[in-house]
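Notes follow once the structure below has been shown.
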Amino acid sequence: MKIGILTFHCAHNYGAVLQCYATQEFLRSKGFDVEIINYRPQFLLEPYKILNSKRVLCKRPILFIKKLLKEILFFRLRYKRWKGFEKFINTHLILSERFDKISIPSRYDIYIVGSDQIWNNRITNGDDVYFCKFPFAKGNKKYISYAASMETTTLDNNTSYKNLLNSFDAISVREENIQALLTPYTNLTIQHVLDPTLMASSKIWESFPSKTRNKDKYVVVYQVAENKNTIRIARHIAKQIGAKVKILVARIGRNTSEKFQDATPEEFVDTIRNAACIVTTSFHGTAFSVIFNRPFYTIKLNNGWDTRSSSLLNSIGLKNRIIDKNDSPQFSTIDYSHVNEKLEILQKESQDFILNQLIPN
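Letter by letter, the sequence shown follows residues 0 to 360 of numbering that gives the first Met the number 0.
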């Protein structure tokens, strides 16, 4: 039995590549023959180009020159970061040859799409490949979604979802609100499961070397949706515990001594693993804080992104670690004993979902 995984594996985003690696490694640990379908659409590659004209083009000459100088200034840093991600993707992921949308092969017995925001139209521009709309007849193949996610809280085109979901033999999603949102459009029972980074054994991250560059005590900041209050809160906590602030960035920008802008995916994991505290607006910033049992605060921005972290933290009894962006929290540690018990139950449920689809009764 050969399994093909289709997800955002080529995006130079920490959560994207690490969730893909986690799915792959979990399935390999169970003895399955797994391959990442190497589909690299432009909408995933474009934002992470080393040189991108969209970052520079401007009708105002002075602003154009400023942007051009900024691109030149950050070229070496962008190149180093790009190389780090490409090395991870090509070294840690079991990739097929490259395919475009019309050449995705029929050689797999089971196709798994997900996790990540594969159903977010604002990212995919409505690419139905992530709904298993492939250029061949399905036949006796099996199509499964695992922990699929999307950003919208309402559906843009409700009538299309019945058609999009009808290819699947089993559907699971990462957030409870998406489970409720999509349930009316399919006769299948949609299951709420953990993100692969949490579903797989935490042992898979132990193989990543500990090479934290800064051995001092530090508070990590990681944002995808950025807000200046996140840095303020991190500095507030750092002052309380006698630590420095270390900023992992989702995208390269203005340089400061606090920023760690060229971290590889392995270094991202290691930096969170060794942090005294994490302050984040990111789902995967939250997830890896939980994986490594670190103290953390997830900042609520009320922008539609919060539901991802809220869904996770509510399910494991840590909803008190979500704070408002205007808060100034008093630092506290977390007793993970009950949290880990709840997480183990959810892990088993999530693992059972996928294994029940793969192992014949």
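Every residue gets a Cβ at the ideal spot worked out from N, C-alpha and C, and that includes glycine. Bear in mind that the values here come from a model prediction, so they are computed numbers and not experimental data.
| Item | Value |
| --- | --- |
| Please work out which residues of its chain come closer than 6 Å, Cβ to Cβ, to F31, disregarding the five sequence neighbours upstream and downstream, and give them in chain order. | I2 |
| Can you give me the C-alpha to C-alpha distance between E85 and Y335, rounded to a whole angstrom? | 35 Å |
| Any idea what DSSP makes of T188, helix, strand or coil? | coil |
| Mind checking whether A21 and D269 have CB atoms under 9 Å apart? | no |
| Per DSSP, which residues does C276 bridge with? Please list them. | V218 |
| Looking only at DSSP bridge pairs, what is A147 linked to? | V172 |
| Are the CB atoms of Q346 and T196 within a distance shorter than 9 Å? | no |
| How would you call P264, buried or exposed, if buried means at least 16 neighbouring beta carbons within 10 angstroms? | buried |
| Could you name the residues of the same chain whose beta carbon sits closer than 6 Å to that of I298, not counting the 5 residues immediately before and after it, in chain order? | T229, T280, K324 |
| On a CA-only basis, which of R97, E266, S171, P294 is nearest I277? Give me that one, please. | P294 |
| Nearest CA to the CA of A361: which residue from L357, Q350, G252? | Nothing can be reported for residue 361, as the shown portion of the chain is limited to 0 through 360. |
| Spatial neighbours of A233 within its chain, please: C-beta separation below 7 Å, excluding the five flanking residues on both sides. | V218, V220, V244, V278 |
| Give the secondary structure of V248 by DSSP, where H, G and I count as helix, E and B as strand, and everything else as coil. | strand |
| Check for me: the beta strand (DSSP E) holding L5 runs from which residue to which? | 1-5 |
| Starting from D32 and walking both ways along the beta strand (DSSP E), at which residues does that stretch end? | 32-38 |
| Per DSSP, what kind of secondary structure is T381 in: helix, strand or coil? | Beyond the ends of the chain as shown, which are 0 and 360, falls residue 381; an answer cannot be given. |
| Quick check on K161 - is its C-beta less than 9 Å from some C-beta in chain C? | No chain C is part of this structure, which consists of one protein chain only. |
| Of the residues F87, S200, Y47, I93, which one's Cα is nearest the Cα of L76? | Y47 |
| Could you spell out the range, first to last residue, of the beta strand (DSSP E) harbouring D323? | 321-323 |
| Taking Cβ to Cβ, would you say L354 is nearer than 9 Å to K29? | yes |
| With a threshold of 7 Å on Cβ separation, who are the neighbours of R27 within its own chain once the five nearest residues in sequence on each side are excluded? | V33 |
| Nearest-angstrom Cα distance between S148 and F291? | 23 Å |
| So, with DSSP's three-state summary, where would you put V55? | coil |
| What is the rounded straight-line gap between the Cα of Y110 and the Cα of A237? | 45 Å |
| Using only the alpha-carbon positions, how far apart do F73 and K79 sit? | 10 Å |
| What is the C-beta distance between Y184 and S166, in whole angstroms, given that I count them as a contact (C-beta under 8 Å)? | 12 Å between Cβ atoms; not a contact. |
| Take the Cβ of T332 as the centre, count every other Cβ of all protein chains shown within 10 Å, and call the residue buried at 16 or more, exposed below. | exposed |
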